[in-house]
Amino acid sequence: MTSTPYIILTNRSSQASDRPNPSAAQQGRLALSFGASDPGVYFQDTAGSIRKVGPNHYSTTAPNSSPLGLAGNSVGETWVDSSTTKYYMKVWTGAAWQTIGSAYADVAVLASGAVIASGCILASGCILASGAVLASGAIAASGSYSAILASGAVLASGAIAASGSYSAVLSSGCIEASGVPVTTGLPVSSPEGTVMYQAAAPSGLYIYVGGQWVQI
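If you use the working numbering, the sequence shown corresponds to residues 96 to 311, in order.
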């Protein structure tokens, strides 16, 4: 006896964005839209909503922007928006496209091309290593320090090298000032980040930031 092969096909369409209508679909039954610009497999869930299984949509326009079948999108459907150079990843909430990580997507971390890597902050030639912290002012544009803690202390557990002028080590709140120039009077101006120890009153360790000497 010769058997006859049978090919069983799901509901299918070669047209892009040809999504099944819930009134014509059955729960759990698959429908395939294999148009290259917006392919996907669809099914109706127990709530009567059409859900999509398929690749992330990559385009300057949202998926199903020009529907041939059911209009709209499925909850949880994703889209890589290439309409801008930032290429946002978005997900359909059921009401709108929500940018993933939107609270941080457009927030600048440090100005002037600063880089955060492996726990270190590199900002225009100034280095804060091993979790060094500048509170109440932090880092302004171009790597300058706009303010330092009110007490004048720099809290750090690593090395600070500002504009290459010194290699002071801060450890457990102590400052080792080896190699820091000692002077009886601070010069009127100096390269940004220069550190000097003034022996005359008011004596102490100073850093030149923002066009002025600040005692640290």
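C-beta: ideal position from N, C-alpha, C; glycine also. In this text, all values refer to a predicted model and were calculated from it rather than measured experimentally.
Under the rule that 16 or more other beta-carbon atoms within 10 Å means buried, what is Y137, buried or exposed? buried
Would DSSP call A126 helix, strand or coil? strand
Starting from Y292, trace the beta strand (DSSP E) both ways and give me its first and last residue. V290 to Q293
In three-state terms, what does DSSP make of S118? helix
Pull up the distance between the alpha-carbon of G135 and that of K181, whole angstroms please. 25 Å
For M184 and T194, the rounded distance between their alpha carbons: 6 Å
Can you give the Cα-Cα distance for A295 and T179, rounded to whole angstroms? 58 Å
With 16 other CB atoms within 10 Å as the buried threshold, where does R114 fall? buried
Contacting residues, own chain, Cβ-Cβ under 8 Å from A120 (five flanking each side not counted): N106, A126, Y137, F138, Q139 and I145
8 Å contact criterion, which P158 and W174 should meet: CB distance rounded: 6 Å
Using only the alpha-carbon positions, how far apart do Q310 and G274 sit? 17 Å
Pick from R124, G167 and W187: whose alpha carbon is nearest that of N151? W187
Buried or exposed for V277, going by 16 or more other Cβ atoms inside 10 Å? exposed
Just grab the DSSP bridge partners of Q193 for me. V186
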